[in-house]
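First up is the structure itself, then whatever we jot down about it.
There are 2 protein chains.
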Amino acid sequence: MAELAIQDSYPDNVAHCYGCGRLNEHGLQIKSYWDGDETVCYFRPRPYHTAIPGYVYGGLIASLIDCHGTGTAAAAAYRAEGRTMGAEPAHRFVTASLHVDFLHPTPIDAVLEVRGQVKELKGRKIIVSVTLSARGEVCARGEIVCIEMPEEFGRQIGE
Amino acid sequence: MAELAIQDSYPDNVAHCYGCGRLNEHGLQIKSYWDGDETVCYFRPRPYHTAIPGYVYGGLIASLIDCHGTGTAAAAAYRAEGRTMGAEPAHRFVTASLHVDFLHPTPIDAVLEVRGQVKELKGRKIIVSVTLSARGEVCARGEIVCIEMPEEFGRQIGE
Chain A
1 MAELAIQDSY PDNVAHCYGC GRLNEHGLQI KSYWDGDETV CYFRPRPYHT
51 AIPGYVYGGL IASLIDCHGT GTAAAAAYRA EGRTMGAEPA HRFVTASLHV
101 DFLHPTPIDA VLEVRGQVKE LKGRKIIVSV TLSARGEVCA RGEIVCIEMP
151 EEFGRQIGE
Chain B
1001 MAELAIQDSY PDNVAHCYGC GRLNEHGLQI KSYWDGDETV CYFRPRPYHT
1051 AIPGYVYGGL IASLIDCHGT GTAAAAAYRA EGRTMGAEPA HRFVTASLHV
1101 DFLHPTPIDA VLEVRGQVKE LKGRKIIVSV TLSARGEVCA RGEIVCIEMP
1151 EEFGRQIGE
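Sequences listed follow chains A and B, in order. Under this note's numbering, residues 1 to 159 are what the first sequence spells out, in order. Under this note's numbering, residues 1001 to 1159 are what the second sequence spells out, in order.
Shown next as structure tokens:
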């Protein structure tokens, strides 16, 4: 996909997240994109992201759902306003709550497909539903409640 | 604490979890212990476990709650039977669902204290409530539903 990833449009001062920040050299650096009315992210687990050998550990699944969810929220907020992703003032969401149902063991030797749908968009609060699939089978379902990042956060980090 | 950590009593074939396996050299290797009727785990985030600079990313918090929760479930199952942790046949739990409420930003330059309490223990299902605190303030609350690992998992990995 030639378009810019949602996370690559985040301002520099909020691009250090271990899960999705392009400036975190140790991190997962996930990339999410619009695909019609859904968002999608593909991620190949590393060999050591194991739960038991052969399967992905739950913390990675939770991390992917979390970061893909907040990215989807930011993108949805821009889209709702008819603005281009990344334009100032920037939208950036944090997670108020995260819920994950683990349905099947997730194979580690597969590209994981993470898909997000906006379930509710109301002011500064956006709820995103997420599925995580491997080889066409949904292995986990998540829902995250995202809140627009408070302005004092930006001030705290010297914006 | 001189006693053996809960995770260090897991059989070798289920000790490769990125979050808590002692045999995963790339992983977090968290260590949980009984403290009265609660379990406790202390973890110092690494500098790159950032959400925004200065704060811990949510995926790590979810991972700590998840792995501390399944460890608590295994320990509680042994205790309920009056058996020593690690004795055969081994107890090992997987996560059916994970819920995390993020209450406050979690500072990255602090030792995190993760505490678990068994909320319900019924056959192969154990529900664990978890708090995650930094400098005495609860930053996140979690609840995980744990299920005894199906026997076919063991067979799949050559037990």
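Positions of the beta carbon are idealized from the N, C-alpha and C atoms, including for glycine. Just so it is clear, the structure is predicted and the values come from calculations on it, not from any experiment.
His91 (chain A) versus chain B: which residues are under 7 Å apart at the beta carbon? Numbered from its first residue, the first sequence carries residue 91 (chain A) at position 91. Those within 7 Å of His91 (chain A) in chain B number zero; the least Cβ separation is about 14 Å.
Which ranges would you report for the alpha helix (DSSP H) in the region 1026–1105 of chain B if only whole runs of at least 4 residues count? 1058–1081
With DSSP run on the structure shown, which of helix, strand or coil describes Val111 (chain A)? For the purposes of this step, residue 111 (chain A) is taken as the residue at position 111 of the first sequence. Note: Val111 (chain A) maps to coil in three-state DSSP.
Mapping the DSSP letters down to three states, classify Glu1120 (chain B) as helix, strand or coil. By one-based count along the second sequence, residue 1120 (chain B) stands at place 120. Of the three classes helix, strand and coil, the one that applies to Glu1120 (chain B) here is strand, per DSSP.
Given that His99 (chain A) touches chain B, what residues does it touch there, using C-beta distances under 9 Å? Your numbering for residue 99 (chain A) matches position 99 in the first sequence. Chain B residues near His99 (chain A): Ser1097, Leu1098, His1099 and Val1100.
Assuming Ile1006 (chain B) contacts Tyr1055 (chain B) (C-beta within less than 8 Å), just tell me the rounded distance between them. For the purposes of this step, residue 1006 (chain B) is taken as the residue at position 6 of the second sequence. For the purposes of this step, residue 1055 (chain B) is taken as the residue at position 55 of the second sequence. With a Cβ gap of about 28 Å, Ile1006 (chain B) and Tyr1055 (chain B) do not count as contacting.
Give the range of the beta strand (DSSP E) segment to which Cys146 (chain A) is assigned. Translated into the one-based positions of the first sequence, residue 146 (chain A) becomes position 146. Taken as a continuous stretch (DSSP letters only), the beta strand (DSSP E) holding Cys146 (chain A) covers Glu137 to Glu148.
For a contact defined as C-beta to C-beta under 9 Å, what are the partners of Cys67 (chain A) on chain B? Stepping through the first sequence from its first residue, residue 67 (chain A) is reached at position 67. The answer, in chain order, is Tyr1057, Gly1058 and Gly1059.
What number of angstroms, rounded off, separates the C-alpha of Tyr1048 (chain B) from the C-alpha of Tyr18 (chain A)? Your numbering for residue 1048 (chain B) matches position 48 in the second sequence. Your numbering for residue 18 (chain A) matches position 18 in the first sequence. If I take the Cα positions, the gap works out to 7 Å.
I'd like to know if Val94 (chain A) contacts chain B, where contact means its C-beta is closer than 9 Å to some C-beta of that chain. By 1-based counting over the first sequence, the position of residue 94 (chain A) is 94. It does; some Cβ of chain B falls within 9 Å.
Express the C-alpha separation of Arg135 (chain A) and Ile127 (chain A) in angstroms, rounding to a whole number. Residue mapping note: residue 127 (chain A) aligns to position 127 of the first sequence, counting from 1. Residue mapping note: residue 135 (chain A) aligns to position 135 of the first sequence, counting from 1. Rounded to the nearest angstrom, the two C-alpha atoms are 26 Å apart.
In angstroms with no decimal places, state the Cα-to-Cα distance between Phe1160 (chain B) and Glu3 (chain A). Since the first and last residues shown for chain B are 1001 and 1159, residue 1160 (chain B) lies out of range.
Hey, how far is the Cα of Gln117 (chain A) from the Cα of His1068 (chain B)? Start at 1 with the first residue of the first sequence, and residue 117 (chain A) comes out as number 117. Start at 1 with the first residue of the second sequence, and residue 1068 (chain B) comes out as number 68. Gln117 (chain A) and His1068 (chain B): Cα-Cα distance of roughly 30 Å.
I need the boundaries of the beta strand (DSSP E) containing Val130 (chain A), first residue and last residue. Indexing the first sequence from 1 puts residue 130 (chain A) at position 130. Looking at the DSSP string, the run of the beta strand (DSSP E) that includes Val130 (chain A) is Lys125 to Ala134.
Specify the secondary structure class of Glu1003 (chain B) as computed by DSSP and reduced to three states. For this step, residue 1003 (chain B) is matched to residue 3 along the second sequence. In this structure, Glu1003 (chain B) counts as coil in the three-state DSSP scheme.
Put Asn1024 (chain B) into one of helix, strand or coil per three-state DSSP. Here residue 1024 (chain B) corresponds to residue number 24 of the second sequence, with the count starting at 1. Looking at Asn1024 (chain B) - three-state DSSP - the assignment turns out to be coil, as it is neither helix nor strand.
Give me the Cα-Cα distance between Met1085 (chain B) and Gly123 (chain A), rounded to the nearest whole angstrom. Translated into positions along the second sequence, residue 1085 (chain B) becomes position 85. Translated into positions along the first sequence, residue 123 (chain A) becomes position 123. About 50 Å.
Cα-Cα separation between Thr1039 (chain B) and Gly82 (chain A), rounded to whole angstroms: Position 39 of the second sequence holds residue 1039 (chain B). Position 82 of the first sequence holds residue 82 (chain A). Going from the Cα of Thr1039 (chain B) to the Cα of Gly82 (chain A) covers about 49 Å.
Step through the CB atoms of chain A and report whether any lies within less than 9 Å of the CB of Tyr1042 (chain B). The residue labelled residue 1042 (chain B) in the question sits at position 42 within the second sequence. Output row for Tyr1042 (chain B): interface = no.
What's the C-alpha gap between Ala76 (chain A) and Tyr42 (chain A)? Here residue 76 (chain A) refers to the residue found at position 76 of the first sequence. Here residue 42 (chain A) refers to the residue found at position 42 of the first sequence. Taking the straight line from one Cα to the other gives about 19 Å.
Can you grab the Cα-Cα spacing for the pair Glu159 (chain A) / His16 (chain A), in whole Å? Here residue 159 (chain A) corresponds to residue number 159 of the first sequence, with the count starting at 1. Here residue 16 (chain A) corresponds to residue number 16 of the first sequence, with the count starting at 1. Since pLDDT at Glu159 (chain A) reaches only 37, below the 50 mark, its modelled position is unreliable, and no value is offered.
Cβ shell of Ile157 (chain A) (< 7 Å), same chain only, five flanking positions each side left out: Residue 157 (chain A) sits at position 157 when you count from the first residue of the first sequence. At Ile157 (chain A) the pLDDT is 48, less than 50, meaning the model places this residue with poor confidence; the figure from the coordinates comes in the next sentence. Correct list, in chain order: Asn13.
Quick check on Arg1155 (chain B): does DSSP put it in helix, strand or coil? Sequence index remark: in the second sequence, residue 1155 (chain B) carries index 155 (1-based). Residue placement at Arg1155 (chain B) is flagged as unreliable, the pLDDT there being 49, under the threshold of 50; the coordinate-derived value follows with that caveat. Three-state DSSP puts Arg1155 (chain B) in a helix.
In its own chain, which residues sit with a C-beta less than 6 Å from the C-beta of Asp1035 (chain B), not counting the 5 before and 5 after it? For the purposes of this step, residue 1035 (chain B) is taken as residue 35 along the second sequence, with counting starting at 1. Cβ within range, chain order: n/a, list empty.
For Ser1032 (chain B) and His99 (chain A), the rounded distance between their alpha carbons: By one-based count along the first sequence, residue 99 (chain A) stands at place 99. By one-based count along the second sequence, residue 1032 (chain B) stands at place 32. Those two C-alpha atoms are separated by around 23 Å.
Quick one: using the 10 Å Cβ neighbour count with 16 as the cut-off for buried, is Asp37 (chain A) buried or exposed? Looking up residue 37 (chain A) in the first sequence gives position 37. Classification of Asp37 (chain A): exposed, given that the 10 Å Cβ count is below 16.
Of all the CB atoms in chain B, is at least one closer than 9 Å to the CB of Leu112 (chain A)? Numbered from 1 along the first sequence, position 112 holds the residue referred to as residue 112 (chain A). Taking Cβ atoms only, chain B never reaches closer than 9 Å to Leu112 (chain A), which makes this a no.
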